[in-house]
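Undergrad: Pasting in a structure now, in structure tokens, and then I'll have a few things to ask.
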Amino acid sequence: MPQTTLITPVILSGGSGTRLWPLSTQEKPKQFLNLLGPLSMFQLTFQRCADDRIFRKPIIVGASGHADIIQEQMQEIGAPPSTVILEPCARNTAPAIALAALAAENPTDLLLVMPSDHIIKNVPAFQKAVLDSISVAQARWLVTFGIEPTEPATGYGYIQQGDKIVGSTRSLAAKRFVEKPNQEKAETMLTDGGYFWNAGIFLFRADTYLAAMEEQSPEMLKACRSAMGGKRTENEICYPDVDAFSLAPSDSIDYAIMERAEKIAVTPVNPGWSDVGSWDSLFDICDKDSNSNVIFGRAETIGSSNNLIHSHDLEIAILGVENLIIVTHGNKVLILPRGQSQDVKKIAQKLEEKG
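Read in order, the letters of the sequence shown are residues 67 to 421 in this note's numbering.
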């Protein structure tokens, strides 16, 4: 397929990843961890958009407290200098993306918005879905990428497909967004078909996104414009004005824009995607030993199966147990049954409250 329009990746790296405590912390959240190998998920996201025949240099939007680790990890992989926007305070994804759209070189630039804490195993399939969506995005649609579901998952939001978009090879109008369902509803949607997991990955023109924000959340756009108008820049790092940005309502792109705007498209794709949102999801995507254990670090297992052990600090030995998650980090140890890791954030919050 001829590629004439270069796409600007927007890498969002401001998340906290509390469900992966004790490894993931406020100081070093999950996107900067080497959970699956020598590279962090932040670095893997860079590699996903390294082809200069398709992509421009990325815009990174991150937290001000992560400035050093962002630069350090970019240098480790030899990533080219990019625009780095450091949010002075957390305001969720809708304002973060607005900062990137306002920083685009041209209003008509196509932005590929990606969280930095996801795994995509089949990068060529993902890139093809992006390329196939260019014409739709250029026609002023806000494109989201829908992951073809493999199970009735309750941890994701869903997108219901509508009619096929005229002139598109694979994109469909998005009929509606569905909140994270209960098990019964998830099973029904999987049986009915026409529903996709909402991966939180988007493609649109910068001016299309800003126009949608002007219509759906004008006070948010006003705060973001003011923040970028009062920005300061040092060594290719952009610091939006803190007083202006703090006035922006805190909201996700889904709630603020995608669920309310017109001309929302969904492009189905199955690229081996995971948001690695919990220890259970990490277990699901990793290779297992002969007893279906996933082991990172030093561990001895006897008569044990279906366990996840993640420990580089301590040597772990287990005997006669199954379906456990065991994670160590420094002087912290987490043990819980598999299937309950969505609640790990409660532990992290409780420990933070205790100080």
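Glycine included, each C-beta is placed from N, C-alpha and C at the ideal position.
#1: Name the DSSP bridge partner or partners of residue 263?
#2: Which two residues bound the contiguous beta strand (DSSP E) that contains residue 219?
#3: Whole angstroms are fine: how far does the CA of residue 183 sit from the CA of residue 248?
#4: Between which residues of its own chain and residue 367 is the CB-CB distance below 6 Å, once the five residues before and five after are set aside?
#5: Using only CA atoms, which one of 202, 158, 106 and 411 lies nearest to residue 71?
#6: With a threshold of 7 Å on Cβ separation, who are the neighbours of residue 170 within its own chain once the five nearest residues in sequence on each side are excluded?
#7: In whole angstroms, give me the CA-to-CA distance for residue 114 and residue 413.
#8: Let me know the secondary structure DSSP gives residue 229 once reduced to three states.
#9: Consult DSSP for residue 290 and reduce its assignment to one of helix, strand or coil.
#10: Looking at C-beta atoms only, is the number of pairs between the stretch 251 to 261 and the stretch 187 to 206 that lie closer than 8 Å three or more?
#11: With C-beta atoms as the reference, is residue 333 less than 7 Å away from residue 242?
#12: From which residue to which residue does the alpha helix (DSSP H) around residue 275 run?
#13: Report yes or no: do three or more beta-carbon pairs, one from the stretch 127 to 140 and one from the stretch 275 to 283, lie closer than 8 Å?
#14: Since residue 176 sits in a beta bridge, which residues does DSSP pair it with?
#15: Whole angstroms is fine: what's the gap from residue 300's alpha carbon to residue 308's?
TA: The relevant details are as follows:
#1: For this step, residue 263 is matched to residue 197 along the sequence shown. Note: residue 263 sits in a beta bridge opposite 213 and 224.
#2: Against the sequence shown, residue 219 aligns to sequence position 153. Here residue 219 belongs to no beta strand (DSSP E), and DSSP marks it neither H nor E.
#3: Working through the sequence shown from its first residue, we reach residue 248 at position 182. Working through the sequence shown from its first residue, we reach residue 183 at position 117. Those two C-alpha atoms are separated by around 25 Å.
#4: As a working note, residue 367 is residue 301 in the sequence shown. Excluding residues within five positions, the ones whose Cβ falls inside 6 Å are 359 and 384.
#5: To locate residue 71, count along the sequence shown from 1; it is residue 5. Ranking 202, 158, 106 and 411 by Cα distance to residue 71 puts 202 first.
#6: Residue numbering aside, residue 170 sits at position 104 when the sequence shown is read from its first letter. The answer, listed in chain order, is 74, 177 and 272.
#7: Within the sequence shown, residue 114 is the residue found at index 48, counting from 1. Within the sequence shown, residue 413 is the residue found at index 347, counting from 1. Each residue's alpha carbon lies about 33 Å from the other.
#8: As a working mapping, residue 229 is identified with position 163 in the sequence shown. Residue 229 falls in the strand class under three-state DSSP.
#9: Locating residue 290 in the sequence shown gives position 224, counting from the first residue. If DSSP states are grouped into helix, strand and coil, residue 290 belongs with the helices.
#10: no
#11: On the sequence shown, position 267 is the one that residue 333 refers to. On the sequence shown, position 176 is the one that residue 242 refers to. No.
#12: Here residue 275 refers to the residue found at position 209 when the sequence shown is read from its first residue. Element bounds for residue 275: 272 to 282.
#13: no
#14: Here residue 176 corresponds to residue number 110 of the sequence shown, with the count starting at 1. Paired residue(s): 73 and 271.
#15: As a working mapping, residue 300 is identified with position 234 in the sequence shown. As a working mapping, residue 308 is identified with position 242 in the sequence shown. Cα to Cα, residue 300 sits roughly 16 Å from residue 308.
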